[in-house]
Amino acid sequence: HNVTEFRGRRTELTYRLDTYTPDRLVFSGVSQTAETTDDLTFTPGAGSTLITYHATIRFKGLSALASPVLHREFERLGDEITTTMPRAVARALG
Numbered sequence: 375h376n377v378t379e380f381r382g383r384r385t386e387l388t389y390r391l392d393t394y395t396p397d398r399l400v401f402s403g404v405s406q407t408a409e410t411t412d413d414l415t416f417t418p419g420a421g422s423t424l425i426t427y428h429a430t431i432r433f434k435g436l437s438a439l440a441s442p443v444l445h446r447e448f449e450r451l452g453d454e455i456t457t458t459m460p461r462a463v464a465r466a467l468g
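Position in the sequence shown counted from 1, then plus 374, gives you the numbering used here.
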């Protein structure tokens with residue numbers, strides 16, 4: 375379960391783990407207004423791991439009309455994740 379605020383609105387998504395392998399995680403999220411898929415792949419490197427993150431969002435109902443307008447906002451949010459995710463992982467690993 376995830377609660378976030380986006381553009382001044384509170385959004386709650388209930389997530390389910392669809393794929394769990396050593397090199398890949400796929401989560402599906404559902405809310406009243408959207409369905410999401412978060413696909414993470416992990417590629418080992420020399421002393422590090424490359425994380426590739428791909429998110430897909432499909433709006434439902436009237437929210438679907440806003441999809442083209444919100445595309446840039448989600449692109450910006452994705453760019454932020456690329457800087458915050460490594461720090462969060464580093465904190466989690468201690």
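Glycine residues also receive a C-beta, built at the ideal position from the N, C-alpha and C atoms.
Query	Result
State the CB to CB distance for the pair T410 and L391, rounded to an integer number of angstroms; the pair is presumed to be in contact (CB under 8 Å).	Contact doesn't hold; Cβ gap of about 13 Å is too wide.
With C-beta atoms as the reference, is F448 less than 8 Å away from I425?	no
Less than 8 Å between the beta carbons of L376 and Y394, yes or no?	Before going further, note that residue 376 is Asn rather than Leu in the sequence given. Cβ distance not < 8 Å, so N376 and Y394 don't count as in contact.
Can you tell me whether G382 is buried or exposed? The criterion is at least 16 other CB atoms within 10 Å of its CB, across all chains shown.	exposed
Could you check what DSSP says for P396 in three-state terms: helix, strand or coil?	coil
With C-beta atoms as the reference, is T378 less than 8 Å away from S405?	no
Is the separation between the beta-carbon of T417 and that of T423 shorter than 8 Å?	yes
In the DSSP output, which residue or residues are listed as bridge partners for E454?	Its beta-bridge partners do not exist; DSSP assigns none.
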